[in-house]
Amino acid sequence: MSATEGELLAAAPAFAALGDAVRLGIVARLCRDGPLPTIALKQGAGSVTRQGVTKHLRVLEEAGLVTSDRVGRDRQWRLREQRLADMRAYLESMSAEWDRRVERLRRLVEE
Amino acid sequence: MDTDKIEKRIVLKASLERVWRAVSEPAQFGAWFGAAIDGPFVAGQEVVGRIAPTKADPEVAKLQEPYAGAPWRIRVERIEPMRLFSFRWHPFAIDPAYDYSQEPMTLVTFTLAEVEGGVLLTITETGFDRLPLARRAKALESNTGGWEHQTKLIEKYLAGTAR
Numbered sequence: 001m002s003a004t005e006g007e008l009l010a011a012a013p014a015f016a017a018l019g020d021a022v023r024l025g026i027v028a029r030l031c032r033d034g035p036l037p038t039i040a041l042k043q044g045a046g047s048v049t050r051q052g053v054t055k056h057l058r059v060l061e062e063a064g065l066v067t068s069d070r071v072g073r074d075r076q077w078r079l080r081e082q083r084l085a086d087m088r089a090y091l092e093s094m095s096a097e098w099d100r101r102v103e104r105l106r107r108l109v110e111e
Numbered sequence: 112m113d114t115d116k117i118e119k120r121i122v123l124k125a126s127l128e129r130v131w132r133a134v135s136e137p138a139q140f141g142a143w144f145g146a147a148i149d150g151p152f153v154a155g156q157e158v159v160g161r162i163a164p165t166k167a168d169p170e171v172a173k174l175q176e177p178y179a180g181a182p183w184r185i186r187v188e189r190i191e192p193m194r195l196f197s198f199r200w201h202p203f204a205i206d207p208a209y210d211y212s213q214e215p216m217t218l219v220t221f222t223l224a225e226v227e228g229g230v231l232l233t234i235t236e237t238g239f240d241r242l243p244l245a246r247r248a249k250a251l252e253s254n255t256g257g258w259e260h261q262t263k264l265i266e267k268y269l270a271g272t273a274r
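So the protein lines, in turn, are chains A and B.
Throughout the first sequence, residue numbering follows the working numbering, covering 1 to 111 in sequence.
Throughout the second sequence, residue numbering follows the working numbering, covering 112 to 274 in sequence.
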């Protein structure tokens, strides 16, 4: 099953650093073909300039989603999968916290 | 489709008045939420307190223990007696060394409606999309569970791009 563009966009807000189609695209490419050098990511990013791609990569790096190693004059980028897993766990955790609160509230008012 | 919202719905077998007090009176609210709250809830005003392990559940109390005494604060948004109570806050703002004040807050809304057999309580928390990702990941430690819809979207996304 392949995610459609609509589904990708729907998932975009879940990645706060990826609230942007270009960054989402970069993560998708690294997920599929990574690790990749900056130049390869630029080639897959349509009309975005190399400078633009680099800027997006920095945002992703600051969010802990990708990391890079220097290779010659370029950098090789890869996903930090633990971070993606962490993020998913955070989303789950927020909901679970409310489940516990609601259960305590229920006990309080139904006693 | 909403990806930045948590919603919980539960029918409580109690009177509307009882449920309203439990969500709108600071002492009662604090008892189940897990906070000792220092002031009344007034629309438009901030109220502060401290994280206080709940007495209702020893297991949960143990989880909360490390954060006991940490500052707790909300800004009350709206109070509509017997119907709606809402506030903004920084969820999991538990790191004393971190300044949360510059971050966006989420909005938590309690809506009450009388139904057969009790009160339908709907709780929503919105605004997660705007929280810095780094902090979301940091806030993890004490929790597990399932925000199923969101999780499925991400799973689907990762499954679709993994090949």
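For every residue, glycine included, the Cβ atom is placed at its ideal position computed from N, Cα and C.
Report task. Name, in chain order, the residues that DSSP records as bridge partners for Ile185/B. Result -> Val158/B
Report task. Starting from the Cα of Glu119/B, find the closest Cα among Leu105/A, Thr67/A and Glu111/A and give me that residue. Result -> This sequence places Lys at residue 119/B; Glu is not what is there. Residue Leu105/A is the option with its Cα nearest to Lys119/B.
**Report entry** Bridge-paired residues (DSSP) for Thr67/A
**Finding:** Arg78/A
Query raised in the report: On the three-state DSSP scale, how would you describe Ser135/B?
Result: helix
Query raised in the report: Is there at least one Cβ from chain B nearer than 8 Å to Ser95/A's Cβ?
Result: yes
Report task. List the residues of chain A whose Cβ lies closer than 8 Å to the Cβ of Val158/B, in chain order. Result -> Residues of chain A passing the Cβ test: none, with the nearest at roughly 17 Å.
Query raised in the report: Should Arg194/B and Leu223/B be called a contact, given that it needs their Cβ atoms to be closer than 8 Å?
Result: yes
Requested in this report: Give me the Cα-Cα distance between Gly25/A and Phe239/B, rounded to the nearest whole angstrom.
Outcome: 22 Å
Query - Given 8 Å, three or more beta-carbon pairs between the stretch 215-229 of chain B and the stretch 145-160 of chain B - result: no
Query raised in the report: Which whole-angstrom value describes the C-beta separation of Trp143/B and Arg161/B, a residue pair presumed to lie in contact below a C-beta threshold of 8 Å?
Result: About 16 Å; that fails the 8 Å criterion.
Requested in this report: For Ser126/B, name the three-state secondary structure that DSSP assigns.
Outcome: coil
Query raised in the report: Whose Cβ in chain B lies nearer than 9 Å to the Cβ of Arg58/A?
Result: By Cβ distance, chain B contributes nothing, its closest Cβ being about 13 Å from Arg58/A, past 9 Å.
Query - Residues near Ala17/A in its chain [Cβ-Cβ closer than 8 Å; skip 5 each side] - result: Arg23, Val59, Leu60, Glu62, Ala63 and Leu65
Query raised in the report: If you run the structure through DSSP and keep just helix, strand and coil, what is Arg120/B?
Result: strand
Query raised in the report: Going by the CB atoms, is the gap between Thr38/A and Thr54/A shorter than 8 Å?
Result: yes
Query - Coil, strand or helix - Phe239/B by DSSP - result: helix
Report task. List the residues of chain A whose Cβ lies closer than 8 Å to the Cβ of Leu123/B, in chain order. Result -> Leu105, Arg106, Val109 and Glu110
Query - Cβ-based neighbour list, Pro192/B, same chain, cut-off 8 Å, excluding 5 preceding and 5 following - result: Trp131 and Ser135
Query raised in the report: Taking the C-alpha atoms as reference points, what is the distance between Arg73/A and Arg80/A?
Result: 22 Å
Query raised in the report: What do you get for Pro202/B, buried or exposed, if any count of 16 or more other CB atoms within 10 angstroms of its CB means buried?
Result: buried
Query - Residue interval of the beta strand (DSSP E) (run including Arg73/A) - result: It is not in any beta strand (DSSP E) - Arg73/A carries neither H nor E in the DSSP assignment.
Query raised in the report: So which residues of chain A does Ile117/B contact, with C-beta pairs closer than 8 Å?
Result: Met94, Ser95 and Trp98
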